[in-house]
Each structure stands twice: as C-alpha cells, then as structure tokens.
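These notes are about the structure you will find just below.
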Amino acid sequence: MSLRLSACPYTADRRSCIMLSIMSADPSTPDAYDPGNIEAWAQSRWREARVFEAHESDPRPPYYVLSMFPYPSGRLHMGHVRNYTIGDVIARYHRMQGKSVLQPMGFDAFGLPAENAAIQNQVSPARWTEANIAAMKVQLDRLGFGYDWRREIVTCRPGYYRFEQWLFTELYRMGLAYRERAWVNWDPVDQTVLANEQVIDGRGWRSGAPVERREIEQWFVRITAYAEELLEGLDALPDWPEEVKRMQRNWIGRSSGVEIDFERCDGAGAIRVFTTRADTLYGVSYLALAPEHPLVRECAREDAGVRAFVDSMRQRETREAALETQEKRGVPTGLQVRHPLTGESLPVWVASFVVMSYGTGAIMAVPAHDQRDHEFANRYGLPIRPVIRVPHGEGRDPSGTAVTEEGIVVDSGSLSGLSSEEARVRAVSLLGRQAREVVHYRLRDWGVSRQRYWGCPIPMIYCIDCGVVPVPARDLPVVLPEGVQFTGVNSPLLTLKSFRETACPRCGKPAHRETDTFDTFFESSWYYARFASFDSLETILDDRAHHWLPVNQYIGGVEHAVLHLLYARFFHKVLRDMGWVRSDEPFTRLLSQGMVLKDGAKMSKSKGNVVDPEAIVARYGADTARLFMMFAAPPEQSLEWSEQGVEGAQRFIKRLWRLVHERVTEPCEGPLDPEALSGSGKALWRLLHETVAGVETDIGNRQTFNTAIAKVMECLNALARFEPEEPADRVLAKDVLITIVHLLHPIIPHVTESLWRSLGGEGLLASRPWPVPDPAALAREEVELVVQVNGRRRGSLRVRVEEEEPAIRSRILADPALARFIDGARVERWVFVPGRLINVVTRGERPSG
RNA sequence: GCCGGGGUGGCGGAACUGGUAGACGCGCCGGACUCAAAAUCCGGUUUGGGCAACCAAGUGAGGGUUCGAUUCCCUCCCCCGGCACCA
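The first sequence stops at residue 1000 when you use this note's numbering, and every number in between is there.
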C-alpha cells in the first residue's frame, strides 16, 4: 500500500483539488476483513470509472438527490454522517434502479465562526474556511459518499456569490427588495441583526444572548408578497413530512378578518383596527393602541402620563424582550372614537399587549369575548358587554373569563339572532366604506442585512445625488476584500476606504458602498439550483436547470423546517417568475432526519458526549459506521449512539465476508433450476425473493432502512443455516450471496463492491442493476393458517392455498389439540381470512385448561 | 394556553390496510471449540405458574367499538417538538 498525492483530474477549482489518493492492491482475497484496505480500493475504482458524475446527455431518467450542505467547521459530526449516509443510500439505490443520478455537495462557507477564528487565531477567514473545506472533503470521501465533485459549490467564492448579488439587484428592480429604517432584533454578542426566525425564546439562535431592540436602516426582501403562495404550495407537497408543513403554516400564520375605521370624536380622522371577530362589534367597549402606534407618539407629546407609559414600555423591550408573563397595563390617551353602528363614544387606550408589527397596531377591545381584553377591562374598570350566546354558556361567570367560542349574536341591533359567521358578513356590509375584508399574515418581510465582514457584500451604492444605486451587472461581483484587520467589534468593511469609497455607477461622482453583508441564509436559498448549472459563467442558471430541477429528494434536519426551507421555496418561486426554472416548488420529496443522541442528549461539546466520526471510521471503517447509522433507528427518529451497536454492525459485515469466502470455493455451475431444489432449498429460494421485494419497498418507498437491513439479516441467517443437498442448492446458495451483496450495496458500498468481485462479478457493482423478485419464487402452495378460538390464538394449521373453508373447518374440529377449546360450547360463527387466519366464535361455557 | 408527534421486553427498535405482539440487532444466560482467553459457532431469553406439553397476564392508565385492537373512538397521565399577548 502506498500513499501518494495526486491532483484530482476533474475538479475545476484548483484550491480544492488536492486529494489524498490511496492506491492499494485488490483486496478480494479470503483473508480477514480489512476495512481500511477494502474501502480505499473501492473508492479508487469508483473514482477511475467516474460513476458519480452526472451528465445531461445520459438517456436514463434523471434523479436529483440532495443533502443539506454543511457549514465548513473543519470536522464532520455524527449528524452530518447520518444525513449524508441517508442521501448516499438513496442516490445509490436509484442509480441501481437505472436512473441518471445527480448527487452534488458543497459548503455553506460564509458565517460567523470564520470571523471569530480570525479574531482569535489571526488567520484570514478565507484561508481558515478553505482549509476546513479541504479537511472535510477528505472526511466525506473517506465515508464513501458518491458525489459529483465537479459541481462543488463553495458559497464564499466570488464565482458563486456574483450571481447572488445579481439576483438581489434584480429583486430590487422588481420591487421585492427595499431599504427601511426598522426596529430590529439586535444580538449584542454577535453584533448583528437577526431575522425573526433567528430569535428563539427571546435569544439569538447562535449566541443564545438576550436579543435587544434597535432601530436601524436595513435591507428587506419582500417574502410577504409570496405569503399566500408559500402557504397554498404546501398542499402540493404530498411527500413532505406533515410536521414540517404544519410548522410552515404556523409560521406564515394566515388570518382573515376585517379592518374597521373608528371615526375620532374630535374629527381628526379615524383609527383603523383589525379584527377576526367582527361579529362581536356591538360588544366593543374601548379601543387599544400599541405603544409604538404613530397616534400614541402624538398623544405622548401632550400627555405626560402617556409619555411615561411609552417610555416604560421601551425600557421593557430593550431589557426584557423575553419576558412574556407580563401583566396587561395601559393608560388612556384621552382620545375618543365613535362606534360606527351605535354612535356611542368609546375611549382609546394605549395597551402593553397590543403589538405594532401585527395588523394595524390597533384593536377594538371586546372584553366579554377576548381573554386579553377581558383582563385589561377588569384591571381598569372598563365595561364588559356580552353579545354572543353559546350553548352551555349559561352557568359561566362572565366576570371570570371571556367566552371566546362562536355562537348566536345577541343584543346587537340588526345583527341579533344571526350566527357568528353570518354576523361577520352582515357587519361588513352594514359598515360600508368604514370596513373591508383583509388577510393578515404573521410572516414578516425578511431582513437580510448583517453588520458582519465574512458574508456576501450587498451590491448597493449610495450616491448623494442619485440615492440608492444597484451595482450594475458589468461591475459584479463586488468582491469581499481579503487581508483586512479585525478589531473584534465592528465590521472591518466600515472603515476600509478602498472598499467603501467608490464612484456612482450612474453619475460618476464619489459615492460609498453598502458595508453590510447578506444573512447567510441568502446563499443557501438557491444553491440547490446552481448545482445544475454549476459552471455557467454568463447566467445564474441555464437549460440544465430544467433537466435536473426540481430536486427529487432533499434530506436534512428538522431544525431547518422554517428558516432555510421557507426561504428556498420563496427563492424558487422568484426564480420561476423570472423564467429561470419551470416548477413551483424546489424540493419534491423531503426527508427530515432525526438527531444523533448519546446518553439521551444531543451530542455537544458542552455536554462532553461528542463521538468523532473520524475515530469511528478509523477503528471500524466507513461501512460499519454507515450500517450502524442506518440500522439503529428509522431516519426520522432520533438515533441513540451505541458503541455496542456499532460493534454489532461490524460483526454482521464480518459474518457476510466470511460466508461469501466460504461459499465461493464450493463447486457450483450454471443457472439456477428451481425444479431441482431440495425442500429446504425451495424455502430459501422463496425467502430470498421475499427479501428482494421487501427491501425494495423499504428503501424505495417507505425509506425505513432499518427494516430493510433486518430483512437482509434474516435472509443471511437462513443461508448460514442452509445445508445444500442437491447441486441446485449450491447454485442457490451462491445466488443468495450475490443478491444480498446487491441489496446491501447502497448501505455498505465498499465491502459489497469487493465481495462482488470475489463472487466472480464483472464490472462495478455500483453500476449494476437492482435485483428483481421472481414471481415464481413468491408463489406459495401451502400457508400456515392461524387458528383462533374467540380471538385467542390456539394453534395453527398448514393448509393448501386453494383449500376451501368447509374443509378447513372440519380439519379443525377433527384436531383434538384445537377442538378441545371448542368442545362443550356452541359454535356461533366462523371468521375466515384466507391465507391468514380462521377464528371460531363460540357461545356458552367452554372448558378451560 | 393552542397545534402536532410519541409512550411496546433489560436496551435500540419491528408489527405497512384491524388479523400469530416483540421481527432484526444489542445485552444477558447456557453449551461447543480452546491448556486458557479472545474471536467464532449452537441454543435460550416479555412476565408469572409448571418437569413438560401447556396455561394465564401483557403494547402509559381507565373505558368503549369488534369474532379479533399496539392499530379505531372517548377520558386521563407522562415525554418530546412547534407556535404564543397575532386581535
């Protein structure tokens, strides 16, 4: 075995093409199982044959398998291994099914860790990142994942982000990107803005620091313009987990209701509120405004009480954004509005529980039928007027809780007597121009500006005369400068004159560049599409995108259920509207894999329960690691790490290895003649084909790789017990091994590739067709029929498949072991499930025991 | 609070459409091989009773539908995830 460095011949990018290539001798000898040697051998065979390169000219049907690309931290963790093993199994399975499989890989290479490493270790983020990528590629290859590395995407390289910048300028032209001064979530540790989706329980998703509120100029992308389509599109995704779809529906948060204008008594216009319960209009006893409402600002100027209240609210928001169990508080603004139907004068309050960012920032309060309004009214002595009668509502104490159910409207003028649903429609028509039906979403526009260095520069220029000017396509990419100095606080771009200072592309006068960079979710929102047109220099995508997209199978963790998957769906729809892709959704089928746990907890440095994949591969080999990952649990479930389980996986591979090499020396010739099989041979023959059929459903349809493996194990156990009697039996035994080697190839590709050669196979197993079950083998002459008496299993009976029920009945009654459960009781009826069971239902006493 | 998912041997899990509960693996127990150990192979392994054939109980708890329920329905307990002053 010799080690040599070789330049990878088919990687376009020189920086990533240095690879370790381990040349070794053909290991298919009957010696002990040596994973290191076998795996290096198999990997170099695949590389030489270029089996993982996907070509558009391939006449076979295309199949695009994609696993979520990793952040290049430098080392793979077990979550990656699980994710990428699932992807590779699916890819290899479909290749054997005769498809032209595309399975690419790349790196989500912008982001904070590189910057932190730069500050701590004085290395440039670019060099740190590229070194990590090189290390991780070695690890990925070592695990035997079949990627088309020609298509590798590294998001921090200008060749990639150039088109991202171009796309953003297009969004700007389409009115889908805009700049606005806005209250944002500020992470004081990471020194940057966070999107709503990145705030978890009031804390930054990365740093865990309590998020503060700040008001700054930000770039936003108008994802809300697609809110309805993003919601409806979920219905067209039957092969997505319900859980993920539900989370997205929740996040988009569609709510349809009515906006109603309440005229101010002072004649200075109206206050617009949003409600989903226009049927409770007669129950309104006050209006409540958010502390940030523009009208409240006005009032605060004149009213010291309002001013003090608003100030205290701001304190709350900066200091304790996470505090949620707050009491509802408020003050009157002094304003009065007129009820649009009764003309009654109603007070307007500022209230802590009304948020500016939803609806109109103002509500009509109906204390009798809304719990929050109710608590507030109780606290400040405001009237509570029940206007909805619900069944069984009589006994309820109206002063305690609000009745939030729908029912029959009462005490409401011409709305009285209507159902809630009818009353809502009627109310809108009664209100005329003062009301309109509207739909609101919880989903906010996506704030994409980050005040960080290591990200894709936002390609915008600010000119005193021309204002905001997008960088023209001819000037792209705006390259992120390297060799910058880090202070550890602000982005180096802020003070880097050579970057910041530029000329206006429109008028040529001195201007300055935007120094913010994109949220890294921007890069990961369209990489799946770029893999198709990875080397297109002129355009973001080309015709090859039509060949491969949408992705047939996407695999990744649930943690991306709303963030990444929602943004990618949004980008896909934008790309579709721009004419670059033709489908509505980017990912046809989604598998969201569970976490890898140890001792019941997620592996993490802080808990000290991390298992390093590299150590496992070094000790047991890649095949063992892959087999354990796929066998220990179904893919959606969390997987409990078990060193003993790993050893069990290795034991199975060794057993397979030994059985092949034992059988290989036995003489056997010619094709299998089923007629010549012995009795036990026939049984094994059937089991083999049941296994083939079962594994196909388990991998191809159900994606329960654990049960597929269990079926193969059963078949191998049966083979190990099998003692050939006839020459045909020996042919069968070898057939079983050849088939098993095929069935396991997607999961443990290296050892099966080697065993295929030992078994005399021609060419590469990786490009072999998947076995097809023989219907003749599956046909049965006899089945074991379960015999039940009153639903309890009392025995079984071997019956011919064509045997009629009456004959079976009399056999049961004639069998003393079965009949004794029936004797002394009257048979009421028989339930016969052909091929499965027969149940005798009796009435009356029967002897027991 | 609202919306989901789940609870099966000592452990990971299986049972796909209501039809033999515990496949497969781990662990454990016994045996073979060995001077011995490791590795490997064979057998056993839900619980209780019995020498055994066998019998009884058993899928978080309780009830229901059914010839038959881990699977369907109702009530409750516990665990996990998502959302949450969203009007």
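For each residue, glycine too, the CB sits at the ideal point set by N, CA and C.
Give the DSSP-derived three-state secondary structure of residue i in the structure shown.
{"i": "alanine 183", "result": "coil"}
{"i": "proline 309", "result": "helix"}
{"i": "isoleucine 989", "result": "strand"}
{"i": "glutamate 281", "result": "helix"}
{"i": "isoleucine 860", "result": "helix"}
{"i": "asparagine 336", "result": "strand"}
{"i": "proline 483", "result": "strand"}
{"i": "threonine 343", "result": "strand"}
{"i": "tryptophan 605", "result": "coil"}
{"i": "alanine 654", "result": "strand"}
{"i": "tryptophan 808", "result": "helix"}
{"i": "serine 175", "result": "Caution is warranted here: a pLDDT of 38 is assigned to serine 175, below 50, making its placement in the model unreliable, and the coordinate value is therefore given only provisionally. Correct three-state label for serine 175: coil."}
{"i": "tyrosine 298", "result": "coil"}
{"i": "glutamine 248", "result": "coil"}
{"i": "valine 506", "result": "coil"}
{"i": "glycine 788", "result": "Looking at the sequence itself, residue 788 is glutamine, so the reference to glycine does not match. Coil."}
{"i": "phenylalanine 371", "result": "strand"}
{"i": "tryptophan 597", "result": "strand"}
{"i": "glutamate 303", "result": "coil"}
{"i": "tyrosine 531", "result": "helix"}
{"i": "alanine 712", "result": "coil"}
{"i": "phenylalanine 319", "result": "helix"}
{"i": "glutamate 449", "result": "helix"}
{"i": "asparagine 641", "result": "coil"}
{"i": "tryptophan 981", "result": "strand"}
{"i": "glutamine 290", "result": "helix"}
{"i": "glutamate 820", "result": "coil"}
{"i": "tryptophan 500", "result": "strand"}
To the nearest whole angstrom, what separates the beta carbons of residue i and residue j, a pair I think is in contact under 8 Å?
{"i": "valine 252", "j": "alanine 285", "result": "Actually they do not touch by this definition, with Cβ atoms about 26 Å apart."}
{"i": "valine 240", "j": "proline 897", "result": "4 Å"}
{"i": "arginine 949", "j": "glutamate 935", "result": "6 Å"}
{"i": "proline 628", "j": "glutamine 316", "result": "6 Å"}
{"i": "leucine 929", "j": "arginine 837", "result": "7 Å"}
{"i": "glutamate 333", "j": "glutamine 369", "result": "One point to set straight first is that residue 333 is alanine, not glutamate, in the sequence displayed. That belief holds up - the Cβ atoms of alanine 333 and glutamine 369 are roughly 5 Å apart, short of 8 Å."}
{"i": "threonine 280", "j": "proline 223", "result": "6 Å"}
{"i": "glycine 659", "j": "histidine 591", "result": "With a Cβ gap of about 45 Å, glycine 659 and histidine 591 do not count as contacting."}
{"i": "valine 501", "j": "threonine 484", "result": "6 Å"}
{"i": "serine 436", "j": "proline 518", "result": "6 Å"}
{"i": "glutamine 399", "j": "alanine 680", "result": "Not a contact, Cβ separation roughly 20 Å."}
{"i": "serine 208", "j": "glycine 634", "result": "Not a contact, Cβ separation roughly 43 Å."}
{"i": "histidine 812", "j": "aspartate 925", "result": "Not confirmed; about 26 Å, so no contact."}
Going by DSSP, which residues form a beta bridge with residue i?
{"i": "phenylalanine 749", "result": "Contrary to the premise, residue 749 reads as lysine rather than phenylalanine in this sequence. In the DSSP output, where bridge partners are listed per residue, lysine 749 has Ala752."}
{"i": "tyrosine 437", "result": "Ala516"}
{"i": "glutamine 939", "result": "Arg944, Asn990"}
{"i": "cysteine 614", "result": "Gly618, Ala662"}
{"i": "aspartate 880", "result": "Beta-bridge pairing links aspartate 880 to no other residue."}
{"i": "arginine 405", "result": "Tyr592"}
{"i": "tyrosine 329", "result": "Phe371"}
{"i": "isoleucine 706", "result": "Ser218, Leu742"}
{"i": "phenylalanine 669", "result": "Ser600"}
{"i": "proline 361", "result": "Arg354"}
Hey, is residue i close to the ligand NAP, as in C-beta under 8 Å from one of its heavy atoms?
{"i": "threonine 280", "result": "Among the ligands in the structure shown, none appear at all, so the ligand NAP cannot be discussed."}
Determine the direct distance from the alpha carbon of residue j to that of residue i, and round the result to whole angstroms.
{"i": "arginine 994", "j": "arginine 872", "result": "45 Å"}
{"i": "valine 797", "j": "isoleucine 860", "result": "14 Å"}
{"i": "isoleucine 351", "j": "methionine 247", "result": "43 Å"}
{"i": "alanine 516", "j": "arginine 577", "result": "20 Å"}
{"i": "alanine 419", "j": "serine 496", "result": "15 Å"}
{"i": "lysine 833", "j": "proline 825", "result": "7 Å"}
{"i": "serine 130", "j": "isoleucine 189", "result": "With the chain running from 152 to 1000 in the structure shown, residue 130 is simply not present."}
{"i": "alanine 376", "j": "valine 599", "result": "16 Å"}
{"i": "alanine 553", "j": "glutamine 522", "result": "5 Å"}
{"i": "tyrosine 705", "j": "alanine 387", "result": "16 Å"}
For this session: Enumerate, from N- to C-terminal direction, the unbroken alpha helix (DSSP H) stretches of 4 or more residues contained entirely within the region 536 to 594.
Result: 571 to 582
Problem set entry | Whole runs of the beta strand (DSSP E) within the region 883 to 952, excluding any shorter than 3 residues | 933 to 940, 943 to 951
Problem set entry | Ordered list of beta strand (DSSP E) runs contained in the region 186 to 257, each at least 3 residues | 213 to 218, 251 to 253
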